[in-house]
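Some notes on the structure that comes next.
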Amino acid sequence: MSTAPALVGLNAAVAAVTAAGAVYFTRVRMPRPPVGRYELPDVAVMGAVVVASPLVYLAAPRAAVAVVFGLVLCVALQFTLAPLTGAGRAWAAAVALVAVTAGCALADLPVAVTALTDVLLAVAVVGVANMWAQSGMRSAHAAWFAGTLCCYDLVATGLTSVMDRFAAQVMGLPFAPLLAVTQGRPPVALGLGDLLLLTLFPLVALKAFGRAAALLAAAVGLAVSASVSLLFGLGVLTGAFPLLTALGPLIVLQHVLWSRARSGERTTAEWHAGAARPAAADAPTGPDPALLLALEPTGLDALPTAPSPGDWLAVVDGRAVGSGRTPGRAHKDARRRGCAETPVVRRH
């Protein structure tokens, strides 16, 4: 496959994963894991794991790396599919998909391994991004995470050979953390961290600021990915490029601008409540007209017995249709007199 079609295919895959993440987010509610609420120390821990993982994997045998990635993907597939199929079926599907991918690797079918790994990785990214966004990650947390990965990507990819060596070690492995279209030199592929942040921030922006922010976040992410691909296609870039170094500052900028425009961001509870809250236009804007009419009822002279001060009146459309010493007797009197509507009861 030539470079240009492969780059187009890679960006089409990124767009598809981003769209799938949004559809899942709007239609599926994942059970919230018992992790409490996100704080900046949680973001720091996530950043530390991302930074340390490639260094650990570089020192591990290739077979061990494939096993670890396979187990991680199996778990991610299960909790992504569980809300759709149930926990038991999700485990069965996850184990079967991982086993088929491993079988293709043992049978030396590299194209099948790459295709299956890409599918599994896409599903896992959709699930992880939704779990983080739905379980309390805020836009501020995503911005800090993006800033951390931006600095790390600059060092690991742009200034050192850490990510080059990591990509060379995992390329072609089943369950490799790369969305790969080709495995040539250089390969046309996108790292797991890049794909995760491209999918995650539009979801967090949707929850925090609304649909316009989510659409902008998705458009910015795809524009950055497409621009880098264009530079590769034109021959301006020839080696690994730190995508998050370009994307991270734009995510931080979006967070700052939307936070100021909306005077802060919605919490997860407010997002859940907003999804079920009726439109403002449907809310009553004044007193109930039936209550206003009941304040000064007419037709008192039509009642068989003139009500005394302190009696209760049953009123429909401003007209007294019944009376009694208690609210219940006023209701009963209105029904006895043939009133089929539910009256407003007030004291005379």
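In our numbering, the protein residues as written are 1 to 348.
The beta-carbon is built from N, C-alpha and C at its ideal position, and this holds for glycine as well.
Query                                                                                                                                                                              : Result
With 16 as the cutoff for other CB atoms within 10 Å, does GLU270 come out buried or exposed?                                                                                      : exposed
Contact defined as beta carbons within less than 8 Å: I believe ALA129 pairs with LEU7. What is the distance between those atoms, to the nearest angstrom?                         : Incorrect: roughly 23 Å between the Cβ atoms, too far for contact.
Taking its Cβ as the centre, do 16 or more other Cβ atoms sit within 10 Å of ARG138, making it buried, or is it exposed?                                                           : buried
Return the first residue and the last residue of the alpha helix (DSSP H) that GLY21 is part of.                                                                                   : 3 to 27
Less than 8 Å separating the beta-carbons of LEU81 and ALA93?                                                                                                                      : yes
Per DSSP, what are the beta-bridge partners of SER323 in this structure?                                                                                                           : LEU313
In terms of residue numbering, what span does the beta strand (DSSP E) encompassing ARG400 cover?                                                                                  : The shown model of the chain, from 1 to 348, leaves out residue 400, and the question about it has no answer.
Can you have a look at LEU257 and say buried or exposed, based on whether 16 or more other CB atoms are within 10 angstroms of its CB?                                             : exposed
Which of helix, strand or coil does DSSP assign to LEU250?                                                                                                                         : helix
Should THR101 be labelled buried (16 or more other beta-carbon atoms within 10 Å of its own) or exposed?                                                                           : buried
Check for me: the alpha helix (DSSP H) holding HIS105 runs from which residue to which?                                                                                            : The displayed chain sequence assigns Ala, not His, to residue 105. From DSSP, the alpha helix (DSSP H) with ALA105 extends over 87 to 106.
If contact is defined by three or more beta carbon pairs under 8 Å, each pair taking one atom from either stretch, is the segment 161 to 175 in contact with the segment 51 to 70? : yes
Give the C-beta separation of MET179 and LEU190 to the nearest angstrom, bearing in mind that I take them to be a contact with Cβ-Cβ under 8 Å.                                    : Per the sequence shown, residue 179 should be read as Leu rather than Met. Rounded, the Cβ-Cβ distance is 4 Å, consistent with contact.
Quick one: grab the DSSP three-state call for ALA226.                                                                                                                              : helix
Would VAL45 be called buried (16 or more neighbouring beta carbons within 10 Å of its own) or exposed?                                                                             : exposed
DSSP three-state label for LEU237, please.                                                                                                                                         : coil
If you count every other CB in all the chains shown that lies within 10 Å of the CB of GLU265, and 16 or more means buried, which is it?                                           : buried
Buried or exposed for LEU10, please, with buried defined as at least 16 other CB atoms from any protein chain shown within 10 angstroms of its CB.                                 : buried
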